[in-house]
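**Q**
Number of protein chains: 2
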Amino acid sequence: MALEHAILVSLLEQPGSGYELARRFDRSIGRFWTATHQQIYRVLRRMEADGWVAGQEIAQDGRPDKKVWSGTAAGRRALVDWLHEPVEPETVRHELAVKIRAAAFDDPSALVPEVERHRAEHAALLERYLVGERRDFPDPAALDDQQRLQHVVLRGGIEYERMILAWLDDVLATLHRLGTPPPTPSTPGT
Amino acid sequence: MALEHAILVSLLEQPGSGYELARRFDRSIGRFWTATHQQIYRVLRRMEADGWVAGQEIAQDGRPDKKVWSGTAAGRRALVDWLHEPVEPETVRHELAVKIRAAAFDDPSALVPEVERHRAEHAALLERYLVGERRDFPDPAALDDQQRLQHVVLRGGIEYERMILAWLDDVLATLHRLGTPPPTPSTPGT
DNA sequence: CGCACCATGTAAATAGTTACATGATTCC
DNA sequence: GGAATCATGTAACTATTTACATGGTGCG
Numbered sequence: 001m002a003l004e005h006a007i008l009v010s011l012l013e014q015p016g017s018g019y020e021l022a023r024r025f026d027r028s029i030g031r032f033w034t035a036t037h038q039q040i041y042r043v044l045r046r047m048e049a050d051g052w053v054a055g056q057e058i059a060q061d062g063r064p065d066k067k068v069w070s071g072t073a074a075g076r077r078a079l080v081d082w083l084h085e086p087v088e089p090e091t092v093r094h095e096l097a098v099k100i101r102a103a104a105f106d107d108p109s110a111l112v113p114e115v116e117r118h119r120a121e122h123a124a125l126l127e128r129y130l131v132g133e134r135r136d137f138p139d140p141a142a143l144d145d146q147q148r149l150q151h152v153v154l155r156g157g158i159e160y161e162r163m164i165l166a167w168l169d170d171v172l173a174t175l176h177r178l179g180t181p182p183p184t185p186s187t188p189g190t
Numbered sequence: 001m002a003l004e005h006a007i008l009v010s011l012l013e014q015p016g017s018g019y020e021l022a023r024r025f026d027r028s029i030g031r032f033w034t035a036t037h038q039q040i041y042r043v044l045r046r047m048e049a050d051g052w053v054a055g056q057e058i059a060q061d062g063r064p065d066k067k068v069w070s071g072t073a074a075g076r077r078a079l080v081d082w083l084h085e086p087v088e089p090e091t092v093r094h095e096l097a098v099k100i101r102a103a104a105f106d107d108p109s110a111l112v113p114e115v116e117r118h119r120a121e122h123a124a125l126l127e128r129y130l131v132g133e134r135r136d137f138p139d140p141a142a143l144d145d146q147q148r149l150q151h152v153v154l155r156g157g158i159e160y161e162r163m164i165l166a167w168l169d170d171v172l173a174t175l176h177r178l179g180t181p182p183p184t185p186s187t188p189g190t
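Going down the list, the sequences are from chains A and B. Residues 1 to 190, numbered by full-length UniProt numbering, are exactly what the first sequence covers, in order. Residues 1 to 190, numbered by full-length UniProt numbering, are exactly what the second sequence covers, in order.
(1) Under 7 Å between beta-carbons, which chain B residues line up against Gln150/A? List them in chain order, please.
(2) Does the region 132 to 143 of chain B come close enough to the region 60 to 75 of chain A that 3 or more CB-CB pairs lie under 8 Å?
(3) Examine chain A for any beta-carbon lying closer than 8 Å to the beta-carbon of Gln39/B, and answer yes or no.
(4) Between the alpha carbons of Ile58/B and Glu20/B, how many angstroms are there, rounded?
(5) Apart from the five residues on each side of it in sequence, which residues of its chain come closer than 7 Å, Cβ to Cβ, to Pro183/B?
(6) State the CB to CB distance for the pair Gly51/B and Thr72/B, rounded to an integer number of angstroms; the pair is presumed to be in contact (CB under 8 Å).
(7) Output the boundary residues of the beta strand (DSSP E) element that contains Glu57/B.
(8) State yes or no: is the C-beta of Gly179/B within less than 8 Å of the C-beta of Trp167/A?
(9) Just the chain B side, please: which residues come within less than 9 Å of Asp170/A by C-beta, in chain order?
(10) Under DSSP, the beta strand (DSSP E) around Ala132/B begins and ends at which residues?
(11) Let's see if you can read the secondary structure: which residues bound the beta strand (DSSP E) around Lys69/A?
(12) Assess contact between the region 72 to 88 of chain A and the region 111 to 123 of chain B, defined as three or more Cβ pairs (one per stretch) separated by less than 8 Å. Is contact present?
(13) Pick helix, strand or coil for Gly16/B, following the three-state DSSP scheme.
(14) Give the single residue among Lys67/A, Val152/A, Glu4/A, Arg46/A whose Cα lies nearest to the Cα of Gly18/A.
(15) Specify whether the region 24 to 35 of chain B and the region 91 to 98 of chain A touch according to this definition: at least 3 beta carbon pairs, one from each stretch, less than 8 Å apart.
(16) State buried or exposed for Val131/A, treating a residue as buried only when at least 16 other CB atoms are found within 10 Å of its CB.
(17) Taking all protein chains shown into account, decide if Ala173/A is buried (16 or more other Cβ within 10 angstroms of its Cβ) or exposed.
(18) Alpha carbon to alpha carbon, what distance is there between Glu116/B and Thr91/B?
(19) Do Met47/B and residue 196/B come within 8 Å of each other at the CB atom, strictly closer than that value?
(20) Residues of chain B with a CB under 7 Å from the CB of Val9/A: which are they?
(21) Looking only at its own chain, which residues have a Cβ that is under 8 Å from the Cβ of Asp169/B, when we skip the five neighbours before and after it?
(22) Could you give the C-beta distance for Tyr160/A and Met163/B, rounded to a whole number, given that I count them as a contact under 8 Å?
(23) Answer with buried or exposed for Gln150/B, where buried requires no fewer than 16 other C-beta atoms within 10 angstroms of its C-beta.
(24) For His122/B, does the count of other Cβ atoms within 10 angstroms reach 16, so buried, or fall short, so exposed?
(25) Which residues in the same chain as Leu44/B place their Cβ atom closer than 6 Å to its Cβ, once the five residues preceding and following it in sequence are excluded?
(26) I need the straight-line Cα distance from Ile158/A to Ile7/B, nearest angstrom please.
(27) Helix, strand or coil, according to DSSP, for Glu85/B in the structure here?
(28) Under a three-way DSSP split, which group does Glu48/B fall into?
(29) With distances taken from CA atoms, which of Leu165/A, Ser28/A, Arg23/A is nearest Gln38/A?
(30) Cutting at 8 Å between CB atoms, please list the residues of its own chain near Leu126/B, excluding the five before and the five after it.
(31) What are the start and end residues of the alpha helix (DSSP H) that includes Asp145/B?
(32) Can a CB atom of chain B be found closer than 8 Å to the CB of Gly51/A?
In structure tokens form, the structure reads like this:
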């Protein structure tokens, strides 16, 4: 399981509260591992019991108290152990692809707005990645190892979004082309 | 949830037993939605209770009896209803990306064999997709609507694998480049 | 006042994985 | 004889999602 490890990476890079972690999972880390705050709080307590993280209560005025978590030495050892275990290539879950094949059992053009909506969301995400890349990695020659690794993961996200956009264009073109030449020969020449 | 719907698509395209479904989920459907046979059998019984699928016992000699499932008209209606509901763009879960960022907290070169292993698996998968494409869609101009939709989903899988391969090459190049110019200035000029 | 943001949680339900079980046939 | 394939399942566990709950601050 990688949620523990994703949290460890995030906390070792930068300590933070459960809430802050949840926001990071909505942004950078969430590119390759998602989690809601409910899950994060629960896992954080388990990790505390295992000694992987340690929390410190911070009183704030004007805002609720928060608990800032850090990765411990034991947490780092657990992360390194995990790093040496093989993981299986990800199991893909792509609901839109299920829908595209399902469209054969309905009017496929009904799917066009849905695909266009996904296209717009992916285009917006790509734009956010590119803005983040210019902000965080303006000079690729001046990065330390940690930043180079962060950058190569971000490049993966960027290339993924570019690929998806091109594919969604292919899907739209395919949907528009349906119902023409060979399919269901029900209306012959007049 | 899409497992029910993925099963419906598969059964509407071609009826089959739970076992056969599980094998399809290891192959074609599994490109974009994975499921184990345990899950499939459980969901199949729920779908039967909902009237979405109907099973027929087939006695076989030399082999165990099997139950061949088909999608019903009600199942097809449920699929079409789902088609008209919006789905959210997929939540990506990419464990290897977590590992790549985690590599900053260990010797990053230890990750090279793992990345190479993933690269080899993705290359093999791409090869299988391309073989399947030549076999199932030799003449793209002669396809009916259902096949065109299957083909565009397969093209998505192909482009995904190509993108991943290019990215893993980028990751390997990045890993090899680590520890050079700017990082951790601990050993100055002699 | 209502909404958004900060901050942390509980409870319940659903989904998914892992381990185990059974039993026949075919291939090496 | 042992392994792989066909075929179907139960049980236990773990992970994830969804809904609900609380309460303060700052903004328009």
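C-beta: ideal position from N, C-alpha, C; glycine also.
**A** Reading it off the structure:
(1) In the first sequence, residue 150/A corresponds to position 150, counting from 1. Result: Arg101.
(2) no
(3) Taking the first residue of the second sequence as 1, we reach residue 39/B at position 39. Output row for Gln39/B: interface = no.
(4) Position 58 of the second sequence, counted from the start, is the residue given in the question as residue 58/B. Position 20 of the second sequence, counted from the start, is the residue given in the question as residue 20/B. For Ile58/B and Glu20/B, the gap between their C-alpha atoms comes out near 13 Å.
(5) As a working mapping, residue 183/B is identified with position 183 in the second sequence. For Pro183/B, the predicted model reports a pLDDT of 48, less than 50, meaning its position is unreliable and no value from the coordinates is stated.
(6) Position 51 of the second sequence, counted from the first residue, corresponds to residue 51/B. Position 72 of the second sequence, counted from the first residue, corresponds to residue 72/B. The beta-carbon separation of Gly51/B and Thr72/B, rounded to 6 Å, stays under the 8 Å limit for a contact.
(7) By 1-based counting over the second sequence, the position of residue 57/B is 57. That run of the beta strand (DSSP E) goes 53 to 58.
(8) Locating residue 179/B in the second sequence gives position 179, where the first residue counts as 1. Locating residue 167/A in the first sequence gives position 167, where the first residue counts as 1. In this structure, Trp167/A does not lie closer than 8 Å to Gly179/B by Cβ.
(9) The count along the first sequence starts at 1 and reaches residue 170/A at position 170. Those are Val152, Arg155, Gly156, Glu159, listed as they occur along chain B.
(10) Position 132 of the second sequence holds residue 132/B. With the sequence shown as reference, residue 132/B is identified as Gly, and Ala is not the correct amino acid for it. Taken as a continuous stretch (DSSP letters only), Gly132/B belongs to no beta strand (DSSP E), being part of the alpha helix (DSSP H) at 112 to 136.
(11) Your numbering for residue 69/A matches position 69 in the first sequence. Reading the sequence as shown, one finds Trp at residue 69/A and not Lys. Segment 66 to 71, the beta strand (DSSP E) holding Trp69/A.
(12) yes
(13) The count along the second sequence starts at 1 and reaches residue 16/B at position 16. Of the three classes helix, strand and coil, the one that applies to Gly16/B here is strand, per DSSP.
(14) Counting from 1 along the first sequence, the entry for residue 18/A is found at position 18. For Gly18/A, the closest alpha carbon among the candidates Lys67/A, Val152/A, Glu4/A, Arg46/A is that of Lys67/A.
(15) yes
(16) For this step, residue 131/A is matched to residue 131 along the first sequence. Exposed: under 16 other Cβ atoms inside 10 Å.
(17) Taking the first residue of the first sequence as 1, we reach residue 173/A at position 173. Here Ala173/A is exposed, its C-beta having fewer than 16 other C-beta atoms within 10 Å.
(18) In the second sequence, the residue the question calls residue 91/B occupies position 91. In the second sequence, the residue the question calls residue 116/B occupies position 116. The straight-line gap from Cα to Cα measures roughly 25 Å.
(19) Residue 196/B is absent from the structure shown; chain B starts at 1 and stops at 190.
(20) Your numbering for residue 9/A matches position 9 in the first sequence. Here the neighbours are Val98, Arg101, Ala102.
(21) The sequence position of residue 169/B within the second sequence is 169, counting from 1. Hits under 8 Å: Arg119.
(22) Position 160 of the first sequence, counting from 1, holds the residue named residue 160/A. Position 163 of the second sequence, counting from 1, holds the residue named residue 163/B. Rounded to the nearest angstrom, the Cβ distance from Tyr160/A to Met163/B is 6 Å, consistent with a contact under 8 Å.
(23) Taking the first residue of the second sequence as position 1, residue 150/B is located at position 150. Flag for Gln150/B reads buried.
(24) Within the second sequence, numbered from 1, the residue matching residue 122/B stands at position 122. By the 10 Å Cβ count, His122/B comes out buried.
(25) Mapped onto the second sequence, residue 44/B falls at position 44. For Leu44/B, where only same-chain residues beyond five positions count, the Cβ hits under 6 Å are Gly18.
(26) For this step, residue 158/A is matched to residue 158 along the first sequence. For this step, residue 7/B is matched to residue 7 along the second sequence. The alpha-carbon atoms of Ile158/A and Ile7/B are separated by roughly 32 Å.
(27) To locate residue 85/B, count along the second sequence from 1; it is residue 85. Residue state, collapsed to three classes: coil.
(28) As a working mapping, residue 48/B is identified with position 48 in the second sequence. Here Glu48/B carries a helix assignment [DSSP, helix/strand/coil].
(29) Numbered from 1 along the first sequence, position 38 holds the residue referred to as residue 38/A. Looking at the Cα atoms, Arg23/A is the closest of the given residues.
(30) In the second sequence, the residue the question calls residue 126/B occupies position 126. Closer than 8 Å at the Cβ level, and outside the excluded window around Leu126/B, lie Ile158, Glu161, Arg162, Leu165.
(31) Here residue 145/B is taken as the residue at index 145 of the second sequence, counted from 1. 145 to 177 is the span of the alpha helix (DSSP H), which, as asked, contains Asp145/B.
(32) To locate residue 51/A, count along the first sequence from 1; it is residue 51. For Gly51/A, the answer is no, since every Cβ of chain B falls outside 8 Å of its Cβ.
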